[in-house]
Amino acid sequence: MDYIQIRDAVKQKLPGIIDYSRELTDEEVEEQIDELLGKEERLQTLPLKKRQKLHKEIFHAVRKLDFLQELVDDSSVTEIMINGTDTVFVEQNGSLLQLEEKFEEEKLADIIQQIVAGCNRVVNEASPVVDARLSNGSRVNIVMKPIALNGPIVTIRRFPDNPVRMKDLIDFGSITQEAAEFLKKLVQARYNIFISGGTGSGKTTFLNVLSDFIPGEERVITIEDSAELKIQNIPNLVRLETRNSNVEGCMPVTIRDLIKTALRMRPDRIVVGEVRGGEALDMLQAMNTGHDGSLSTGHANAAEDMLGRLETMVLMGMDLPLAAVKKQIASGIDILVHLGRLRDKTRKVLQIVEIAGFNNGDILTRMLYEFEEKGEDKEGKIRGKLVKRGEIMHEEKLRAAGIRI
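Numbering (the numbering used here), first residue to last: 11 to 415.
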């Protein structure tokens, strides 16, 4: 018998060996697995490394996320996409690969329930869409039947084990030293900064990077759908996370609810992980009522598109005249940083835009930095640089903080 046949044969015996009648520690589970493997004569034909691998796979099947666990632990894997029981894709080192492994329907259902239970969420046919997270901070999105026609869809976004710093982004070529120093001064001077970009452009990572520049003596409140931010060096940090309604009668707690609550918690800054709807109005009101230095992100294809999307999102929260909405955006947000994932898979800061004011019904913008592409090298990597296009016009906060550009 080959390795896979032995592994599958051993897995079939697990229900009769593992004691599920009580709560077991990881050590107790491993002891029971060792006992089971010790009785398998067929294992004697396997090399030691294969036997160790088998023990690890069985432990992951019993206690962790089955074969997904190794992928979740692999730092080269940034995304895991499960399309029903038969198809699993991973993004590894920037390339998309299809795996041979498949799930049994019951096992995939167990893994999904294990994931959502770990962060006090619920997903089922009555509530088929949920955002969750793993213990290592990875973001998980789950869509169940009947919404997902080809079975449960699970998408796992893995973040780096070691938080990315601004120095790393400079080394990667994502931003220049000059632009990084400029943004550092803006954060310290309490400019309201909004980060935009498409899916996978690095918005959450960049938000974490900018948060490193927040002075440690401030009180910061983070608000997220699913807690992903890893803000460090802020002792007075409050982390809030939304909650879905469930069958036990728990009422949902939305980002809008959390922003309103945060305003009563004496924050110096509010950091909203991402705005997608009516909560944009509450975020802007926070920015306009003395909570300077607040940060947030949103999906858009360009900085100007983000302004249009914000207008739409505010109108989803309240029926206001469009001119009033634009004025709220213009007075609330000081700087827009737009990120992009280029065709060579690299992530770059593409634009840094100042919101210069409001005039005759239009939001005025001023391009401060813009990525200038200069072709490709022999390996297909895009050559280019973030070029300075202009000086910041509103320097009031910089002067008040005693910071010179």
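For glycine and all other residues, C-beta sits at the position ideal for the given N, C-alpha and C.
Query                                                                                                   : Result
Reference R253, options I241, P245, N246, L268, closest by Cα                                           : L268
Through-space distance from R266 to G327, alpha-carbon basis                                            : 9 Å
Neighbour-count burial assignment, I121, 16 or more Cβ in a 10 Å radius                                 : buried
Distance CB(A199)-CB(K407) smaller than 7 Å                                                             : yes
Neighbourhood of I415 by C-beta, 8 Å cutoff - its chain only, sequence neighbours within 5 removed      : F192, K195, E401, I402, E405, L408
Straight-line gap, N218 to I241 (C-alpha atoms, nearest Å)                                              : 6 Å
Pairwise C-alpha distance: L220 and F169                                                                : 16 Å
At least three beta-carbon pairs within less than 8 Å, the region 337–344 to the region 284–300         : yes
Member of Q124, M316, L109 whose CA lies at the smallest distance from the CA of E116                   : Q124
Short Cβ contact (7 Å threshold) for T1 with V174                                                       : The first residue shown for the chain is 11 and the last is 415, placing residue 1 beyond what the model contains.
Distance, P277 Cα to R249 Cα                                                                            : 12 Å
Three-state class that DSSP yields for D141 in the structure shown                                      : strand
Environment of A310 [buried if 16+ CB atoms lie within 10 Å]                                            : buried
Candidates Q102, T97, V98, E80, of which the one nearest S86 by Cα                                      : Q102
Continuous alpha helix (DSSP H) assignments of at least 4 residues falling wholly in the region 323–362 : 332–342
Q187 versus L159: straight-line alpha-carbon distance, rounded                                          : 48 Å
Per-residue burial, N202 [other beta carbons within 10 Å of its own, 16 or more giving buried]          : buried
Candidates M261, E114, K59, of which the one nearest V132 by Cα                                         : M261
Near the ligand ADP: L196 beta-carbon under 6 Å from a heavy atom                                       : Because no ligand of any kind appears in the structure shown, any question about the ligand ADP cannot be addressed here.
Complete runs of the beta strand (DSSP E) confined to the region 236–319 [at least 3 residues]          : 247–251, 279–282, 305–309
Contacting residues, own chain, Cβ-Cβ under 7 Å from M275 (five flanking each side not counted)         : I231, V248
Cβ-Cβ distance between E110 and F77 below 7 Å                                                           : no
Pick from G318, F368, I373, M91 that is closest to R286, judged by C-alpha positions                    : G318
Range covered by the alpha helix (DSSP H) that runs through L81                                         : 78–83
Helix, strand or coil at S221 [DSSP, three-state]                                                       : helix
M176 (DSSP reduced to helix, strand or coil)                                                            : helix
DSSP-derived helix/strand/coil call for L193                                                            : helix
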